[in-house]
Amino acid sequence: MPQSAVLSREFFTAPALQAARRLLGCRLVRLDEGACQESGARRYQGASEVRGARESRGARLAGIIIETEAYRGEEDQGCHARAGRTPRTEVMYGPPGHAYVYFTYGMHWMLNFVVEAEGYPAAVLIRAIHPEEGLEVIASRRNHLPPKQWTNGPAKICQALRIDGRLNGVDLCAPGAELFVEAPLGGSPIPDERVASGPRVGLNNVPEPWRSIPWRFQARLEGMVIE
DNA sequence: AGCACGATTAACT
DNA sequence: GTTAATCGTGCTC
590 MPQSAVLSRE
600 FFTAPALQAA
610 RRLLGCRLVR
620 LDEGACQESG
630 ARRYQGASEV
640 RGARESRGAR
650 LAGIIIETEA
660 YRGEEDQGCH
670 ARAGRTPRTE
680 VMYGPPGHAY
690 VYFTYGMHWM
700 LNFVVEAEGY
710 PAAVLIRAIH
720 PEEGLEVIAS
730 RRNHLPPKQW
740 TNGPAKICQA
750 LRIDGRLNGV
760 DLCAPGAELF
770 VEAPLGGSPI
780 PDERVASGPR
790 VGLNNVPEPW
800 RSIPWRFQAR
810 LEGMVIE
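If you want the numbering used here, it's the 1-based position in the first sequence plus 589.
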């Protein structure tokens, strides 16, 4: 196994657009303690096991981030922080490098990473990943649909990786976190030629310029060799 | 207390 | 292409 470099607090302190662009090609990792009964997943070693306890504690589920969107500031009419500080948006005003997980449409969870300076509300929505670890658990959670439909949407990622409100506010940079991001070993892995930007999705009732501002970033992995 | 709508998805015609 | 599902959130009364 190659050494993994977990993204630091400094990474998430960057401006939202920069963070959204640089997250492409990084690996989203979910250490899912609740997946220990499901078959086929690689087990990870829980802290208690390192200290000598008996059983492994869950599955390591992971994928390469291939689509993101930036949301920043109370002026951004597409951002939840347009309502200011509320119980829901409080996490976005907190320190960078934490998860902002929210519930919408009465049934779906969405995963974001809080970015920029503490006190300034900004986040990056994770819209799609290319699954690489824990494929059997992911397939099961995604009802054994074709692999292309496993994690090609923000709510699908949360269903596949079992991300819900319990993970709202968790620190992605804390040792032993159950959710974190690994940098690619060789620096920025996705060249600009393979990255497209465009308007954010699903803001149909949001006024311009926020509705069309190109704060969505998509990577194409076809033909790329991912180590 | 009531209401409109949502950073979506799956299943339709 | 259209639409139902389903409930937390923020806004108005």
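Even for Gly, the Cβ is constructed at its ideal location relative to N, Cα and C.
| Query | Result |
| --- | --- |
| If distances are taken between C-alpha atoms only, which option among A672, Q666 and M696 comes closest to P798? | Q666 |
| Looking at L612 and V713, is the spacing between their C-beta atoms short of 8 Å? | yes |
| Answer with buried or exposed for G647, where buried requires no fewer than 16 other C-beta atoms within 10 angstroms of its C-beta. | buried |
| Just tell me which of N794, F806 and P780 has its CA closest to the CA of M813. | P780 |
| Measuring CB to CB, does I655 end up less than 8 Å from I727? | no |
| What residue from Y689, P684, P685 and L650 has the CA that sits closest to H669's CA? | Y689 |
| Whose CA, out of I802, L617 and S597, lies closest to the CA of P721? | At residue 721 the sequence reads Glu, which differs from the Pro that was named. Here the closest residue by C-alpha is L617. |
| Excluding the 5 residues flanking E658 on each side, which residues of the same chain have their C-beta closer than 8 Å to its C-beta? | A609, V713, L714, R716, R789, V790, W804, R805 and F806 |
| What residue range is occupied by the uninterrupted alpha helix (DSSP H) comprising R730? | L724 to R730 |
| Whole angstroms are fine: how far does the CA of G652 sit from the CA of P685? | 22 Å |
| Secondary structure at P720, three-state DSSP: helix, strand or coil? | strand |
| Quick one: is E705 buried, meaning 16 or more other Cβ sit within 10 Å of its Cβ, or exposed? | buried |
| Nearest-angstrom Cα distance between L761 and N794? | 32 Å |
| Please report the distance separating the alpha-carbon of Y694 from that of G787. | 24 Å |
| Using the beta-carbon count (16 or more within 10 Å), is R674 buried or exposed? | exposed |
| Provide the residue span of the alpha helix (DSSP H) that contains Q666, from first to last. | Taken as a continuous stretch (DSSP letters only), Q666 belongs to no alpha helix (DSSP H), as it is neither H nor E. |
| Within the same chain, show all residues whose beta-carbon is closer than 8 Å to that of G708, passing over the 5 residues directly before and after it, in chain order. | Y682 |
| Pick from S593, G662, R751 and V595: whose alpha carbon is nearest that of P604? | G662 |
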